[in-house]
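A short write-up of the structure that comes next.
Protein chains: 2
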Amino acid sequence: MSLATEPAPSAPGRKAAPPRVAMVGAGQLARMTHQAAISLGVELRVLANSESDPAVRAGAEHIIGSYRDIDDLRNLAAGCDVLTFDHEGVPVEHLTALEQQGINLNPGAASKRLAQDKLHSREVLTDLGFPTPPWTFASTPEDFRSFTSHHGWPVVAKAPRGGYDGRGVWMIESLGEACELLDGSTDGFIIEPLVNIERELAVLIVRSTGGERASYPVVETIQRDAMCREIHAPAPVSSKVSARATAMASEIAAVTGATGVLAVEFFLTPDGLLVNELALRPHNSGHFTIEGCVTSQFEQHLRAVLGLPLGLPSLIAPAVSTFNIVGQPDGTDPRSQLERVLEVPGAHVHLYGKSPRPGRKLGHVTVCGQDPEPVREAARLAAATLERSRS
Amino acid sequence: MSLATEPAPSAPGRKAAPPRVAMVGAGQLARMTHQAAISLGVELRVLANSESDPAVRAGAEHIIGSYRDIDDLRNLAAGCDVLTFDHEGVPVEHLTALEQQGINLNPGAASKRLAQDKLHSREVLTDLGFPTPPWTFASTPEDFRSFTSHHGWPVVAKAPRGGYDGRGVWMIESLGEACELLDGSTDGFIIEPLVNIERELAVLIVRSTGGERASYPVVETIQRDAMCREIHAPAPVSSKVSARATAMASEIAAVTGATGVLAVEFFLTPDGLLVNELALRPHNSGHFTIEGCVTSQFEQHLRAVLGLPLGLPSLIAPAVSTFNIVGQPDGTDPRSQLERVLEVPGAHVHLYGKSPRPGRKLGHVTVCGQDPEPVREAARLAAATLERSRS
Numbered sequence: 466m467s468l469a470t471e472p473a474p475s476a477p478g479r480k481a482a483p484p485r486v487a488m489v490g491a492g493q494l495a496r497m498t499h500q501a502a503i504s505l506g507v508e509l510r511v512l513a514n515s516e517s518d519p520a521v522r523a524g525a526e527h528i529i530g531s532y533r534d535i536d537d538l539r540n541l542a543a544g545c546d547v548l549t550f551d552h553e554g555v556p557v558e559h560l561t562a563l564e565q566q567g568i569n570l571n572p573g574a575a576s577k578r579l580a581q582d583k584l585h586s587r588e589v590l591t592d593l594g595f596p597t598p599p600w601t602f603a604s605t606p607e608d609f610r611s612f613t614s615h616h617g618w619p620v621v622a623k624a625p626r627g628g629y630d631g632r633g634v635w636m637i638e639s640l641g642e643a644c645e646l647l648d649g650s651t652d653g654f655i656i657e658p659l660v661n662i663e664r665e666l667a668v669l670i671v672r673s674t675g676g677e678r679a680s681y682p683v684v685e686t687i688q689r690d691a692m693c694r695e696i697h698a699p700a701p702v703s704s705k706v707s708a709r710a711t712a713m714a715s716e717i718a719a720v721t722g723a724t725g726v727l728a729v730e731f732f733l734t735p736d737g738l739l740v741n742e743l744a745l746r747p748h749n750s751g752h753f754t755i756e757g758c759v760t761s762q763f764e765q766h767l768r769a770v771l772g773l774p775l776g777l778p779s780l781i782a783p784a785v786s787t788f789n790i791v792g793q794p795d796g797t798d799p800r801s802q803l804e805r806v807l808e809v810p811g812a813h814v815h816l817y818g819k820s821p822r823p824g825r826k827l828g829h830v831t832v833c834g835q836d837p838e839p840v841r842e843a844a845r846l847a848a849a850t851l852e853r854s855r856s
Numbered sequence: 466m467s468l469a470t471e472p473a474p475s476a477p478g479r480k481a482a483p484p485r486v487a488m489v490g491a492g493q494l495a496r497m498t499h500q501a502a503i504s505l506g507v508e509l510r511v512l513a514n515s516e517s518d519p520a521v522r523a524g525a526e527h528i529i530g531s532y533r534d535i536d537d538l539r540n541l542a543a544g545c546d547v548l549t550f551d552h553e554g555v556p557v558e559h560l561t562a563l564e565q566q567g568i569n570l571n572p573g574a575a576s577k578r579l580a581q582d583k584l585h586s587r588e589v590l591t592d593l594g595f596p597t598p599p600w601t602f603a604s605t606p607e608d609f610r611s612f613t614s615h616h617g618w619p620v621v622a623k624a625p626r627g628g629y630d631g632r633g634v635w636m637i638e639s640l641g642e643a644c645e646l647l648d649g650s651t652d653g654f655i656i657e658p659l660v661n662i663e664r665e666l667a668v669l670i671v672r673s674t675g676g677e678r679a680s681y682p683v684v685e686t687i688q689r690d691a692m693c694r695e696i697h698a699p700a701p702v703s704s705k706v707s708a709r710a711t712a713m714a715s716e717i718a719a720v721t722g723a724t725g726v727l728a729v730e731f732f733l734t735p736d737g738l739l740v741n742e743l744a745l746r747p748h749n750s751g752h753f754t755i756e757g758c759v760t761s762q763f764e765q766h767l768r769a770v771l772g773l774p775l776g777l778p779s780l781i782a783p784a785v786s787t788f789n790i791v792g793q794p795d796g797t798d799p800r801s802q803l804e805r806v807l808e809v810p811g812a813h814v815h816l817y818g819k820s821p822r823p824g825r826k827l828g829h830v831t832v833c834g835q836d837p838e839p840v841r842e843a844a845r846l847a848a849a850t851l852e853r854s855r856s
């Protein structure tokens, strides 16, 4: 006489173990990957520096350790289906060693090296015939002299390893400055002329372990103080430029055997597109995909490194803008502005749970809509609200 | 000579404590609330039965305890800004006691009682003049006899407390069955005739502590075996019906002082809309809002109970369908079908990390698109894939 099908108290069932992903790093990229993992029922374990790392605060399973310690990396990977990354810091020799020990790395050591080691990346891209800014490797004053005799001063010098958000990048105006820079380093530098940049673009390609690829729409990125501050999708460029950037990025993913998310940063110059840099991980330029695309870059990264089918990368609205929230000089905490920012209609607010420090990425906001201008303005307003001092 | 603004190693800053929300229950509703909390930088602490509860597996901070134990409830609330709920099980006397002790409950004890105690709810709705199915409270055979002398057999009998997913609901065909039912109970029953239902509809209203309200589009819910299996937004009803349902739900939220998400379930009958049931928490009929609306019901619930401004509830696409994934009699685990379901284009897959049991809600899938039929078909295909045995 019961209307309901009473569930049996227990049933033998066929239990499937959830996929387990280990991620080196516990920053905001791991935090947002954890959110995507929850939906798919994937279990994420991260390697954190401390209990206050963003992904740990979000409740990802974690071990505390160092990405420079191969034992910590091995412990992280133990029992997981795949080892992946939320940054580019792991020493390449460790990646190679882990792979030789049979750990399933995605991306693998060879492709990950393209993002870890900018010199190697430039060499490979140049060998494969992809256009990059003119460049050379400079470890002596003579290298600077010779390069500038063709290209003139100033030059931009980049550390081959470890730079991000403008760190590890210097503008060098003279041989004197070059000597001073060289004095502080044993590694040498990639040097290139100041390129005439019309726009900076980025393309995210996802490539699964089975070789399936998906391309997100080309975005424009806008930097201030050498940090990416705005991302606008789709980029306001011709369909020809957009198709060319997508084709190049997709080809780079294929020829390098990258797995997971590959971010390719481009300079659009009067002479065409130049490849600037690669990242093999979910990327700041892809946060717009969380609300702006059918499948977020974080879910795609998980699908790809686990060898699962990829999702649709298409936009859900004609215009999507993301602004990064960066720590201000007065140290104000964006969290103190939560009430005010939530008044901005349509603003998707992401706060990473980090203590405020000047120049630190503390969150981002995304707005989706019909027309680029109002979308951009709403995102700008939300970002300004979060970065504004309460006083 | 650095191109970057070097972040100061540390700055005094003005640190803002993140809002802290305590939630009674750690099921899938708490799990998805946790995902929303991560974005806003809100810290969620849940009261779990065990370490294997869905929200605990997703990494929400938790304490293990019982929602029937007032000390556990008090411990849960300690240090949090607000206490809220992912189910309707907390004894009403505990809610009242907690509120008297100064704990900030949202929804408050008086409004929460409307969802906890169906008899009270029917009395209040009837007193306020909202249309419900004809009903009476029956605790003796005479009560059944008198009611059926007007309305005939069969009647639907509902336990005043604790029922969900068809549990606590009985179809009673005769006085003999009524006597049998009464023999097993001391509480009595709400009885009502079998209503001629054209469609079942649901409306989610969000009401913040400040009184701000937001209404999600009216959805159609489709039940099988007395469990909600499909949710389609917007409901295929006239704009008049839709406006009337929204107005009633919104009025119920206002007059009852509900805070957070209020779900109002309606029967659409040849004689108009009847209010069936209320829930004061994020609701199964609102999972479509995660990908289908600008602001999800889970984020709205957090905003509302914290007294923050509400987000836009509008649809991001003309048609959104959600199918629940329910444990099958053979005990097959939907997680074993993850690879296959991710092949369904546009399917947003949510798995709750629960062990499979027949009749248990294990996940859901949502599809958004331009036209109702293909959207519904894609969601149906994804659900069928997850519920299908591997063999």
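Chains A and B supply the protein sequences, listed in that same order. Note that my numbering numbers the first sequence so that position 114 is 579, with each residue one more than the last. Note that my numbering numbers the second sequence so that position 121 is 586, with each residue one more than the last. Virtual Cβ for every residue (Gly too), placed ideally from N, Cα, C.
### Query
Out of curiosity, what's the CA-to-CA distance linking GLY722/A and GLN762/A?
18 Å
### Task
Would you mind telling me which residues of chain B sit closer than 9 Å to LEU494/A, beta carbon to beta carbon, in chain order?
Those within 9 Å of LEU494/A in chain B number zero; the least Cβ separation is about 13 Å.
### Query
Are the stretch 816 to 827 of chain B and the stretch 493 to 502 of chain A in contact at 8 Å, needing three or more beta carbon pairs?
no
### Query
Can you list the residues of chain B that GLN581/A reaches, using a CB-CB cut of under 8 Å?
Residues of chain B passing the Cβ test: none, with the nearest at roughly 20 Å.
### Message
Measuring straight from C-alpha to C-alpha, what distance separates MET713/A and PHE788/A?
### Response
26 Å
### Query
How about ALA744/B and VAL726/B: do their beta carbons lie closer than 9 Å?
yes
### Message
Helix, strand or coil, according to DSSP, for CYS545/A in the structure here?
### Response
coil
### Interface residues of the stretch 643 to 671 of chain A facing chain B [CB-CB below 9 Å]
GLU645 and LEU646
### Message
Determine, for GLU526/B, whether the minimum Cβ-Cβ distance to residues of chain A falls below 9 Å.
### Response
yes
#### Entry: Rounded C-alpha distance that separates PHE602/A from ASP652/A
10 Å
### Query
For the beta strand (DSSP E) that contains GLN688/A, what are its first and last residues?
684 to 689
### Assigned exposure category for LEU851/B - 16 Cβ within 10 Å defines buried
buried
### Query
Is the CB of GLY818/B under 9 Å away from at least one CB in chain A?
yes
### For GLY737/A, the three-state DSSP class (helix, strand or coil)
strand
### Task
Using a Cβ cut-off of 9 Å (strictly closer), state whether ALA782/A contacts chain B.
yes
### Task
Would you check if there are 3 or more beta carbon pairs closer than 8 Å linking the stretch 650 to 666 of chain B to the stretch 611 to 619 of chain B?
yes
### ARG533/A beta carbon less than 9 Å from that of LEU563/A
no
### Task
Give me the Cα-Cα distance between VAL620/A and GLU638/A, rounded to the nearest whole angstrom.
7 Å
### Query
Which full runs of the beta strand (DSSP E) of 3+ residues lie inside the stretch 775 to 828 of chain B, going along the chain?
784 to 791 and 813 to 816
#### Entry: Distance between ALA847/A and GLY792/A (C-alpha atoms, nearest Å)
15 Å
### Query
Shorter than 9 Å from the beta carbon of GLY478/B to some beta carbon of chain A?
With a pLDDT of 46 at GLY478/B, under the threshold of 50, the predicted position of this residue should be treated as unreliable, though the coordinate-derived value follows. With 9 Å as the cut-off, GLY478/B counts as an interface residue toward chain A.
### Task
Look up LEU745/A in the DSSP assignment and say whether it is helix, strand or coil.
coil
### Query
Short check: CB of ILE529/A to CB of HIS559/A, under 9 Å?
no
### Query
GLU808/A versus chain B: which residues are under 7 Å apart at the beta carbon?
PRO774
### Message
Here's a check: name, in chain order, each residue in its chain whose Cβ is nearer than 7 Å to the Cβ of LEU640/A, leaving out the five neighbours to either side.
### Response
PRO606, PHE609 and ARG610
### Query
Under a CB-based cut-off of 9 Å, is CYS545/A close to chain B?
no
### Query
Among residues of its own chain, excluding the 5 on either side of LEU775/B, which ones have a beta-carbon nearer than 7 Å to its beta-carbon?
VAL671, SER673, GLU677, ALA679, GLN765, ARG768 and ALA769
### Contacts of ARG800/A in chain B (Cβ-Cβ under 7 Å)
ALA481, PRO483 and GLY506
### Query
Would a check of beta-carbon distances place VAL620/B closer than 9 Å to chain A?
no
#### Entry: Simplified DSSP state of GLY857/A, which is helix, strand or coil
Residue 857/A lies beyond the residue range present for chain A, which begins at 466 and ends at 856; the question has no answer from this structure.
### Task
Starting from the Cα of SER604/A, find the closest Cα among ALA580/A, ASP648/A and VAL683/A and give me that residue.
ASP648/A
### Query
Where does the unbroken beta strand (DSSP E) through HIS697/B begin, and where does it stop?
692 to 698
### Task
Figure out for me which residue from ALA502/B, ALA481/B, PHE732/B and SER586/B has the closest Cα to the Cα of GLU665/B.
PHE732/B
### Within-9 Å CB hit, GLY811/B to chain A
yes
### Query
Between THR760/A and CYS833/A, what straight-line distance do the alpha-carbon atoms span, to the nearest angstrom?
15 Å
#### Entry: LEU505/A classed as buried or exposed, judged by whether at least 16 other C-beta atoms fall within 10 angstroms
buried
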